[in-house]
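Same order as they appear, the protein sequences are chains A and B.
In terms of this note's numbering, the first sequence is numbered consecutively and its last residue is 239.
In terms of this note's numbering, the second sequence is numbered consecutively and its last residue is 239.
Protein chains: 2
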Amino acid sequence: MSIETDIKQKKFRSPYQRMGLNLVYTSNWIQYQQMEIFREFDITSQQFNVLRILRGQHPNPIKVSDIADRMLDKNSNTSRLIDKLLVKKLVDRKSCPNDRRAVDVIITEEGLELLKKLDPEVEKWEANMTGITPDEADLISTLLDKLRNSKNNN
Amino acid sequence: MSIETDIKQKKFRSPYQRMGLNLVYTSNWIQYQQMEIFREFDITSQQFNVLRILRGQHPNPIKVSDIADRMLDKNSNTSRLIDKLLVKKLVDRKSCPNDRRAVDVIITEEGLELLKKLDPEVEKWEANMTGITPDEADLISTLLDKLRNSKNNN
DNA sequence: AACAAATATATGTTCCAACATTATATGTAT
DNA sequence: ATACATATAATGTTGGAACATATATTTGTT
């Protein structure tokens, strides 16, 4: 279905407005689909995002502020996200020796195992994106990068 | 900046994964920027979404469930959104004569005036999307439509 | 006509998001 | 060296999101 039928709107002010609405709509669509996967494993998509970032650094620790820098949602409260993951024993946390303001976070073996169980599910979902070719996926990425480089960049 | 530098991730599992992350990241980016506009007018982006839908029907009323069908976030609690708008006197609500389960909602003059003040702000923001051409915006829309028509459509 | 199922909206509850503030440590300028 | 600014993380608070459930009305079935 096109965005026109999905949100039952025929006319748009401009190609940019239509694209913007389509972008937000499609992002919601993706996130709700992935949420269904994560729910079975009792984590949220933001917690998954953090775990993947931590795995990317494993076995090195990474500071809370560096995690925040890498997140998709730059306004998320990383401190409390780590709290949740800590309770589930998916991460460890200890004060950073070099800078006693900072806190080093590291993924646990349990966390790595959870990701190992999640990986095939997420990959299976991604493999269903048959509507577009890999080249078209790259094209979307390129265009989105260009979009964010518009004047209103801040 | 590219998504690689924005989330400080060099490698991706596939073009699809990179596109998905880029999509969610860009959607968040758009929504936070627009939130800054809406904040000055004391509404949320979801409330703005509802008001625009209502204006599209004006002067006809529209049922709550039909509003929900047209929203960008299909899981939003439309009932409570209307409550908020009602308190601000931006919409009116009355029982639908044909179907007494349903509720007819209509935008007030005050609501229309608010949109009139918001329109130029939103258009000004859209006009700053100079990074891509109108044709490229259309291309993104087309590709996103195709993406959502993938197998995992449900 | 009676009852079950479906539809439309509202509400209850729990947890998370958003925003501001605080606490502590580090950097910097005089 | 001290005062002040900045950086880093945690916390307090308020309102909204997510999910389940309730209530009223309509539709469909026998």
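For glycine and all other residues, C-beta sits at the position ideal for the given N, C-alpha and C.
Is DSSP giving residue i helix, strand or coil here?
i      : result
I115/A : helix
S164/B : helix
N238/B : Here the model assigns N238/B a pLDDT of 48, short of 50, so the residue's position is not dependable, and the following value carries that caveat. Coil at N238/B, not helix or strand.
I191/A : strand
I128/A : coil
D204/A : helix
S180/A : strand
Quick check on residue i - is its C-beta less than 8 angstroms from some C-beta in chain B?
i      : result
Q131/A : no
Q102/A : yes
L106/A : yes
G141/A : yes
S226/A : yes
D158/A : yes
I92/A  : yes
I192/A : no
Using beta carbons (cut-off 8 angstroms, strictly below), is residue i in contact with chain A?
i      : result
V109/B : yes
D154/B : yes
Q88/B  : Inspection of the sequence shows that residue 88/B is occupied by Ile rather than by Gln. For I88/B, the answer is yes, since a Cβ of chain A falls inside 8 angstroms of its Cβ.
S99/B  : yes
Would you say residue i and residue j are within 8 angstroms of each other, going by their C-beta atoms?
i      : j      : result
L106/B : I92/B  : yes
L136/B : V190/B : no
S226/A : G216/B : no
Y101/B : A222/A : yes
D154/A : Q131/A : no
L175/B : L199/B : yes
L232/A : M214/B : yes
Which residues in chain B sit within 9 angstroms of residue i, going by Cβ to Cβ distance?
i      : result
K231/A : G216, I217 and E221
S235/A : N213, M214, T215, G216 and I217
Could you tell me which chain B residues have their CB closer than 8 angstroms to the CB of residue i, listed as they occur along the chain?
i      : result
K206/A : The sequence given here has Glu at residue 206/A, not Lys. Going along chain B, no residue has its Cβ under 8 angstroms from E206/A, so there is no contact; the nearest lies around 12 angstroms.
In chain A, which residues lie less than 9 angstroms from residue i when you measure between Cβ atoms?
i      : result
S150/B : Neighbours of S150/B on chain A: none; closest Cβ ~12 angstroms, over 9 angstroms.
Chain B contacts from the stretch 112-131 of chain A (Cβ-Cβ distance under 9 angstroms): S112, N113, W114, I115, Q116, Y117, Q118, Q119 and S130
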